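Shown next, in structure tokens, is the structure this report addresses.
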Amino acid sequence: MANPASKIDLLQNFIEKMIDEVINHDLEKLKLRVEEFKLKYRKLNRKQIANKIVNDQAFWGGMLAAPLGFGGVLFLAVALPVDLIKSLRIQAYMIICLRDLYEYPLEDCNTIKDEMFLIMAHSSIKDLKDFVSAEAKKQVKDNLDKKEALTKLAKADSYKLMGVRATQVLGTKYGAKVALRLGEKQIMNHALRKVPQVFRGIIWRLGGRKIAQRALQRAAGRVVPIVGAVMAAGIDGLMIKKVGQVAIDYYEMDGPDFMEAVYTLVE
Numbered sequence: 012m013a014n015p016a017s018k019i020d021l022l023q024n025f026i027e028k029m030i031d032e033v034i035n036h037d038l039e040k041l042k043l044r045v046e047e048f049k050l051k052y053r054k055l056n057r058k059q060i061a062n063k064i065v066n067d068q069a070f071w072g073g074m075l076a077a078p079l080g081f082g083g084v085l086f087l088a089v090a091l092p093v094d095l096i097k098s099l100r101i102q103a104y105m106i107i108c109l110r111d112l113y114e115y116p117l118e119d120c121n122t123i124k125d126e127m128f129l130i131m132a133h134s135s136i137k138d139l140k141d142f143v144s145a146e147a148k149k150q151v152k153d154n155l156d157k158k159e160a161l162t163k164l165a166k167a168d169s170y171k172l173m174g175v176r177a178t179q180v181l182g183t184k185y186g187a188k189v190a191l192r193l194g195e196k197q198i199m200n201h202a203l204r205k206v207p208q209v210f211r212g213i214i215w216r217l218g219g220r221k222i223a224q225r226a227l228q229r230a231a232g233r234v235v236p237i238v239g240a241v242m243a244a245g246i247d248g249l250m251i252k253k254v255g256q257v258a259i260d261y262y263e264m265d266g267p268d269f270m271e272a273v274y275t276l277v278e
């Protein structure tokens, strides 16, 4: 029987493969789905439409989860991979839709993968920013000025117009570099800009591990037949809503520019 650590490792590897598969899916269909929501709820503002998308995905996620809760322990070994596939697909689908809704490009698969690992692994935008800041500080080692800049960056409430406000938020020394990078974003292919690959790898590895641990925790609700079915529907629907809320907060605050600023400081 596999020990908990090996289960987490297996799930972690599976999660990355699943995310890769979803990202490389036909994005045009997702864009069409977003356009349908924008048309249907054209009288609502963007954040309200985003909440409609999240609620829609949470509803279907809960409905699909309930049948997987029947069977108790005997069905657990079969239900967990099916549940994981379903839940990851829905969460990934939802994040891509929200990224498109907030008018961020879908061409850079690695950037979308960064965001999926970060958003799906954290229960709040504060936890996400604190995690990124803490891991980034490890990369800059003894550079106290960069560590201070990363602390200031994480404390900011929003990253809207960060290209203009960078020196105000971070100071002249590193603010100018961040402003330059964010300015380049407007004229340069996103995929061509330098990203610290070691730091990106840490986000993927630790993010995947956190997602795997949460998946195993959700599996506990399936041990009792019938009750497990009810719990499965409730837990999965709630989890998708929580992930959706973190995603909305991320894009509302211009999270991609937060990550661009972090990458600049880590370089």
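Numbering-wise (this note's numbering), the sequence shown opens with residue 12 and increments by one. By construction, the Cβ of each residue, glycine as well, lies at the ideal position given by its N, Cα and C atoms. Please read these numbers as outputs of a predicted model, since none were measured by experiment.
Does the beta-carbon of residue i have 16 or more other beta-carbons within 10 angstroms, so that it is buried, or is it exposed?
i, result
"F128", "buried"
"T275", "buried"
"Q59", "exposed"
"Q208", "exposed"
"T183", "exposed"
"A145", "exposed"
"V175", "exposed"
"E46", "exposed"
"K54", "exposed"
"E118", "exposed"
"L109", "buried"
"L193", "buried"
"G155", "A small fix is needed here, since residue 155 is Leu in this sequence, not Gly. So L155 counts as exposed."
"L22", "buried"
"L41", "buried"
"N56", "exposed"
How close, in whole Å, do the beta carbons of residue i and residue j come, if the pair is a contact with beta carbons under 8 Å?
i, j, result
"I107", "L38", "7 Å"
"I26", "I222", "5 Å"
"K158", "W215", "So it is not a contact: roughly 23 Å between Cβ atoms."
Find the nearest neighbour of residue i within the set the options, judged by alpha-carbon distance.
i, options, result
"H133", "A226, A272, A177", "A226"
"D20", "E271, E146, G219, D156", "G219"
"A69", "K49, N56, R100", "R100"
"M250", "L43, M105, K158", "M105"
"E126", "D156, D31, E159, R53", "D31"
"N24", "K158, Q224, G255", "Q224"
"D268", "N66, L50, T122, D141", "T122"
"K253", "E159, I136, V151", "I136"
"D111", "M270, I259, T178", "I259"
"A103", "K28, V151, E271, L155", "K28"
"S98", "L41, Q150, V33, K40", "V33"
"V143", "R57, N66, G212", "G212"
"Q256", "L41, L50, D67", "D67"
"G266", "Y115, K152, N56", "Y115"
"V206", "R44, L43, E271, L50", "E271"
Looking only at its chain, what residues have a beta carbon closer than 6 Å to the beta carbon of residue i, apart from the 5 residues adjacent to it on each side?
i, result
"I198", "Here the model assigns I198 a pLDDT of 44, short of 50, so the residue's position is not dependable and the matter cannot be decided."
"L139", "L129, H133"
"S169", "M264"
"Y113", "Y262"
"L217", "none"
"A177", "G186, V189, A190"
"Y52", "I60, K63"
Between residue i and the ligand MG, is there a pair consisting of the residue's CB and a ligand heavy atom that are separated by less than 8 Å?
i, result
"D138", "Although the ligand MG was asked about, the structure shown includes no ligands whatsoever."
Quick one: what's got a C-beta closer than 8 Å to residue i's C-beta in the same chain, skipping five residues either side?
i, result
"V180", "K163, L164, A167, M173, G186"
"N35", "C120"
"V151", "K157, K158, L161, L276, V277"
Suppose the cutoff is 7 Å on Cβ atoms and the five residues either side in sequence are ignored; what does the same chain contact list for residue i look like?
i, result
"A147", "L161, F210, V273, L276, V277"
"K18", "L227"
"F48", "I60, K63, I64"
"D141", "A165"
"A202", "Interpretation of A202 is limited by its pLDDT of 48, a score under 50 that renders its predicted location unreliable; no figure is taken from the coordinates."
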